[in-house]
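The listed protein sequences derive, respectively, from chains F and X.
Each residue of the first sequence is one higher than the one before, starting from 1 at the first, in the numbering used here.
Each residue of the second sequence is one higher than the one before, starting from 545 at the first, in the numbering used here.
Heads up: the structure comes next, in structure tokens.
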Amino acid sequence: MAAMAAALRGVGGRFRWWTPAVAGGVRGAAQGAVAGQRDYDLLVIGGGSGGLACAKEAAQLGRKVAVVDYVEPSPRGTRWGLGGTCVNVGCIPKKLMHQAALLGGLIRDAPHYGWEVAQPVPHDWRKMAEAVQNHVKSLNWGHRVQLHDRKVKYFNVKAGFVDEHTVRGVAKGGKEILLSADHIVIATGGRPRYPAHIEGALEYGITSDDIFWLKESPGKTLVVGASYVALECAGFLTGIGLDTTVMMRSIPLRGFDQQMSSLVTEHMASHGTRFLRGCTPSQVRRLPDGQLQVTWEDRTTGKEGTGTFNTVLWAVGRAPDTRSLNLEKAGVDTSPNTQKILVDSREATSVPHIYAIGDVVEGRPELTPTAVMAGRLLAQRLFGGSSDLMDYDKVSSLAGRRLQPGEAESEASSSGVPTTVFTPLEYGCVGLSEEEAVSRHGQERVEVYHAHYKPLEFTVPGRDASQCYVKMVCLREPPQLVLGLHFLGPNAGEVTQGFALGIKCGASYVQVMQTVGIHPTCSEEIVKLRISKRSGLDPTVTGC
Amino acid sequence: MGNLIILDMCMCPCSQCHSHDAAQLGRKVAVVDYVEPSPRGTRWGLGGTCVNVGCIPKKLMHQAALLGGLIRDAPHYGWEVAQPVLHDWRKMAEAVQNHVKSLNWGHRVQLHDRKVKYFNVKAGFVDEHTVRGVAKGGKEILLSADHIVIATGGRPRYPAHIEGALEYGITSDDIFWLKESPGKTLVVGASYVALECAGFLTGIGLDTTVMMRSIPLRGFDQQMSSLVTEHMASHGTRFLRGCTPSQVRRLPDGQLQVTWEDRTTGKEGTGTFNTVLWAVGRAPDTRSLNLEKAGVDTSPNTQKILVDSREATSVPHIYAIGDVVEGRPELTPTAVMAGRLLAQRLFGGSSDLMDYDKVPTTVFTPLEYGCVGLSEEEAVSRHGQERVEVYHAHYKPLEFTVPGRDASQCYVKMVCLREPPQLVLGLHFLGPNAGEVTQGFALGIKCGASYVQVMQTVGIHPTCSEEIVKLRISKRSGLDPTVTGC
Chain F
1 MAAMAAALRG
11 VGGRFRWWTP
21 AVAGGVRGAA
31 QGAVAGQRDY
41 DLLVIGGGSG
51 GLACAKEAAQ
61 LGRKVAVVDY
71 VEPSPRGTRW
81 GLGGTCVNVG
91 CIPKKLMHQA
101 ALLGGLIRDA
111 PHYGWEVAQP
121 VPHDWRKMAE
131 AVQNHVKSLN
141 WGHRVQLHDR
151 KVKYFNVKAG
161 FVDEHTVRGV
171 AKGGKEILLS
181 ADHIVIATGG
191 RPRYPAHIEG
201 ALEYGITSDD
211 IFWLKESPGK
221 TLVVGASYVA
231 LECAGFLTGI
241 GLDTTVMMRS
251 IPLRGFDQQM
261 SSLVTEHMAS
271 HGTRFLRGCT
281 PSQVRRLPDG
291 QLQVTWEDRT
301 TGKEGTGTFN
311 TVLWAVGRAP
321 DTRSLNLEKA
331 GVDTSPNTQK
341 ILVDSREATS
351 VPHIYAIGDV
361 VEGRPELTPT
371 AVMAGRLLAQ
381 RLFGGSSDLM
391 DYDKVSSLAG
401 RRLQPGEAES
411 EASSSGVPTT
421 VFTPLEYGCV
431 GLSEEEAVSR
441 HGQERVEVYH
451 AHYKPLEFTV
461 PGRDASQCYV
471 KMVCLREPPQ
481 LVLGLHFLGP
491 NAGEVTQGFA
501 LGIKCGASYV
511 QVMQTVGIHP
521 TCSEEIVKLR
531 ISKRSGLDPT
541 VTGC
Chain X
545 MGNLIILDMC
555 MCPCSQCHSH
565 DAAQLGRKVA
575 VVDYVEPSPR
585 GTRWGLGGTC
595 VNVGCIPKKL
605 MHQAALLGGL
615 IRDAPHYGWE
625 VAQPVLHDWR
635 KMAEAVQNHV
645 KSLNWGHRVQ
655 LHDRKVKYFN
665 VKAGFVDEHT
675 VRGVAKGGKE
685 ILLSADHIVI
695 ATGGRPRYPA
705 HIEGALEYGI
715 TSDDIFWLKE
725 SPGKTLVVGA
735 SYVALECAGF
745 LTGIGLDTTV
755 MMRSIPLRGF
765 DQQMSSLVTE
775 HMASHGTRFL
785 RGCTPSQVRR
795 LPDGQLQVTW
805 EDRTTGKEGT
815 GTFNTVLWAV
825 GRAPDTRSLN
835 LEKAGVDTSP
845 NTQKILVDSR
855 EATSVPHIYA
865 IGDVVEGRPE
875 LTPTAVMAGR
885 LLAQRLFGGS
895 SDLMDYDKVP
905 TTVFTPLEYG
915 CVGLSEEEAV
925 SRHGQERVEV
935 YHAHYKPLEF
945 TVPGRDASQC
955 YVKMVCLREP
965 PQLVLGLHFL
975 GPNAGEVTQG
985 FALGIKCGAS
995 YVQVMQTVGI
1005 HPTCSEEIVK
1015 LRISKRSGLD
1025 PTVTGC
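Spelled out as structure tokens, the structure:
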């Protein structure tokens, strides 16, 4: 292990490090490199889910691969290791803190099931955070080991293009290195946006880049935003017992089915999360006692409101991490609106041998599994003789992409990228939202089957199941092709995954009805959906 | 004469839905149901095995057991729960029983709402259109119908040849209705009923032993079944393998002394328990139906009723569905669907038959096992080793990491045809929430999913179910199937 550690920490054998003063000379040499003489077959910029998957796949195909990764500390100074957003400040710590919050509810259930737990049970943020952070650090290490095992060279440097085949890496101490490659993949992802126009926002606020790495409890927290990041954070903070408020300007979970989104926030509100709807913050200032005083405008009444919090968390969107890449030096085009990189269906940018995958790309779902699959398929096309394209699937309702002219409608509606929002009551979906289905096909051509159900496990502790709801959006014409599935309830991610396969295989409502249920589960409610919205019948499931 | 009578000694939800459907189709329907008390005297209400002594109380007690593990996880996630936490059987049992009673009532109300006549009488055929019902007090009633459906299900078998078995043992008909904790328990059998009961008893802290004659979960994939028992053993369930009980007697202190033969060594063993639970199989409830009066044929071996693909018995207007039927999976959802389709064929002008192929199910052992389609053995025996490709993975659920839970048995495998695009023949998933995970894949497999399509399906991160769409290692490759990284 020690030898491994040394090897991992060591600097690449044949690469010499240069001080900035002499880097110019090297640059010339690298620029002169031609195909076959460049340092690498593939250089990946960004060691997140997509970049690592692409690098590892290319290495397995026998190519010489390097990954450069560098985490610019957040404005609050939070920094982390290899693995990108998902591992460090996204999916992984989020799901673990969500699990902590779920356990809070299960501990309250436990006495009903015969367990003699003295209530209430207090929660210790520090203990949870340390455990979560330790797990993340073990994943950082695991990624280092995996790169090493597959002989992928790793550089902890900040990358910027010098020309279309050359990248300059700058290490923490200012040391520079030049790397050249035949193919370059940009997978730098994104970072949370700060509302820079709001006084005190940057100075006193934190983002999802910080929340999972706090050593001390954030205390009474204001979450600004209504994205899934905002609702997930507010959900677990409430669940571990913190006084939590969500301030939202307009609708929750934009891009998702709005009926489901309303149920998500309704459930949160009924479980203690406070909501300030139609409000926008105007100022944050620190009071003498260290608390943060937030001023906001209620856009409905026009009145001003104020409140004090220990923590203000901005979850108002994410911006691609492209600024410091010097993309113009390589000639890589970005969207003028979003600064995201423009690519074609092969993930190629405006420069044919430079590719981009993951959150940094315009119009892609910002999801780990799509980035992983895109990265892997790209490596297989580049080095494995494959021609398989990533099927972003004609759209998930999440991406909100419109049908392109000439794009077959049946294709567009037959599949989708599944995802799950890990709010306290989880929301899993795949395919079209009801709104999107209606806008594409027309109200008259869409049939929606739905049910309010009660998870069996909710009965004994007497949990309220008002928001446990499932709906399936189908074409009305037999055999009623399934366009979208929306499931709100426990374990929504586990429930949704298999149905995503079914929908990918072109499942119809008829086939769903022919599928035998697994009893007693929540997922069986989907294969038992018999009430259409159009019928006007009560969709409440009774009996077993 | 009514249009339909449903005979239900132990009425399953199948006939429930069946009668609803028939009633909704405008027919005059009656349901006859009577619960013969168990040898221990346990009795229950309307709803059949699933509601009263099967799926429902089982899953709730399984949930109680899971909560025990989650309470031990909780401190790792920051919750200051003083350990160990004790479990009170009475409180759990009362809550579960109250829920079941509410379901009994709900079924009564539903029948009433749909104008289905309900008779709490024990039924026997008089002739092929007439049934005699005998109520508890001995009163008799004669009912006649155009169509008759037999859906009397089954009851646990007692090993009558073992001395003391009937006198001192209980079955799954009793365990969920015990007012007091069963204490130290011996579960005899290795069916899913045996393992599920042993699993939740262990999980709520009881000293539990499983005595199995041969293999666990006969009929299921044997690699998965071994992992199930391996997981149980590592979580405290004791196993006496290759043993058969020979005698049960009550000691002066009230404990039960069980004597068994270890078939490997030939030696005799003994142990004392507070409770002995027989889970050695189920028998169809056909004895008191006087089937011969109607001319309904049964299997000489199993006494189950023989039917065709339309669920018709040897008498064309008498049908049978559910556990009482020869060769059907003993599962609530198949019975429900069969009942509903039968009513639609009889009265709704439908011709849709029940498809018993690729029925998914889940065994709710402490680590749940969900499956659909063929076992690896069955695939190989049907298609040959060379034509089958098995993809597999040992994975670690994210939630296991923080509390440091052992994930040695978290395993998934997908059995495919080897020839591209590699049609999926079977899926086997061992891990948390296996039922929730498996359901959607059952749809995919029903739609003819291939391995290629599974690989094209984007995962939902971080879940356990995404491990299925990430299965890249084949058994044939010999590569390590342990999932690393995220």
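Glycine residues also receive a C-beta, built at the ideal position from the N, C-alpha and C atoms.
Note that the structure is predicted; figures quoted are calculated from it, not measured.
Interface residues of chain X around E494(F) at Cβ under 7 Å?
N977, E980, V981, T1007, C1008 and S1009
* **Whole beta strand (DSSP E) elements within the segment 934-1002 of chain X, 3-residue minimum** => Restricting attention to beta strand (DSSP E) runs no shorter than 3 residues, the segment 934-1002 of chain X encloses them at 955-961 and 968-974, ordered along the chain.
**Message:** Please classify A29(F) as buried or exposed, where buried requires at least 16 neighbouring CB atoms within 10 angstroms.
**Reply:** The pLDDT assigned to A29(F) is 41, lower than 50, so where the model puts this residue is not dependable, and the model offers no usable value.
I'd like to check one pair, R762(X) with C787(X): are the Cβ atoms closer than 8 Å? Not closer than 8 Å, so no.
Q) Does DSSP put F499(F) in a helix, in a strand, or in coil? A) helix
Exercise. Of all Cβ atoms in chain F, is any one closer than 8 Å to the Cβ of G612(X)?
Worked result: yes
- [ ] For Q511(F), return the contacting residues in chain X, with the cut-off set at a CB-CB distance below 8 Å.
- [x] L987, K990 and C991
- Are the CB atoms of P479(F) and Y449(F) nearer to each other than 8 Å? no
Ignore the nearest five residues each way along the sequence and tell me which others in E524(F)'s own chain have a CB closer than 6 Å to its CB. G517 and I518
* Asked: Which of helix, strand or coil does DSSP assign to I92(F)?
  -> helix
Give the DSSP-derived three-state secondary structure of E266(F) in the structure shown. helix
For the alpha helix (DSSP H) containing Y204(F), name the first residue and the last one. A201 to Y204
H938(X) beta carbon less than 8 Å from that of P1025(X): Yes, they are a contact pair.
Counting only beta-carbon atoms, is C599(X) nearer than 8 Å to chain F?
-> yes
Rounded separation between S415(F) and T846(X) - CA only: Note that S415(F) has pLDDT 47, beneath the 50 cutoff, so the model's placement of it is unreliable and no number is given.
Report back the beta-carbon spacing between V552(F) and L276(F) to the nearest angstrom; my notes put them in contact at under 8 Å.
The structure shown does not extend to residue 552(F), since chain F is modelled only from 1 to 544, so the question has no answer here.
In the DSSP assignment, find the unbroken alpha helix (DSSP H) run with C741(X) in it and report its ends. Y736 to G747
Using a cut-off of 9 Å between C-beta atoms, extract the partners of K95(F) located in chain X. K95(F) reaches chain X at L942, E943, H1005, P1006 and T1007, counting residues in chain order whose Cβ is nearer than 9 Å.
I need the straight-line Cα distance from S250(F) to T306(F), nearest angstrom please. 19 Å
task: Along the alpha helix (DSSP H) that carries T370(F), what are the first and last residues, could you check?
output: T368 to F383
Margin query: Rounded to the nearest angstrom, what separates Q454(F) and V946(X) at their Cα positions?
Written below: As written in the sequence, residue 454(F) is Lys, which differs from the Gln given in the question. Spanning the alpha carbons of K454(F) and V946(X) requires a straight line of approximately 30 Å.
Quiz prompt | Members of the segment 747-768 of chain X near chain F, C-beta cut-off 9 Å | solution = I748
Is the separation between the beta-carbon of V1002(X) and that of V417(F) shorter than 8 Å? Between V1002(X) and V417(F), the gap from beta carbon to beta carbon is short of 8 Å.
query = Shorter than 8 Å from the beta carbon of G484(F) to some beta carbon of chain X?
reply = no
> Out of curiosity, what's the CA-to-CA distance linking I1012(X) and T982(X)?
Replying inline: 10 Å
> Quick one, which residues of the segment 633-661 of chain X are near chain F if we go by CB-CB under 7 Å, in chain order?
Replying inline: W633, K635, M636, A639, V640, H643, L647, G650, H651 and Q654
Next item on the list: Assign Q627(X) to one of two classes, buried (16 or more other C-beta atoms within 10 Å of its C-beta) or exposed (fewer than that).
Entry: So Q627(X) counts as exposed.
Give me the residue from F458(F), V71(F) and L475(F) with the minimum Cα distance to A171(F).
V71(F)
Quiz prompt | Any chain F beta carbon closer than 8 Å to K603(X) | solution = yes
Review point. Between the segment 158-169 of chain F and the segment 293-305 of chain F, are three or more C-beta pairs nearer than 8 Å?
Key: The segment 158-169 of chain F is not in contact with the segment 293-305 of chain F.
*What is the rounded straight-line gap between the Cα of S49(F) and the Cα of V87(F)?*
8 Å
Counting contacts by CB-CB distance shorter than 8 Å, is D899(X) in contact with chain F?
yes
With a threshold of 8 Å, are at least 3 pairs of Cβ atoms found where one atom belongs to the segment 476-495 of chain F and the other to the segment 566-581 of chain X? no
### Message
By the 8 Å beta-carbon criterion, what residues does the segment 860-877 of chain X contribute toward chain F?
### Response
L875, T876 and P877
query = Quick one: Cα of S532(F) to Cα of H441(F), how far?
reply = 17 Å
Residue-level contact to chain F via CB, L800(X), 8 Å cutoff: no
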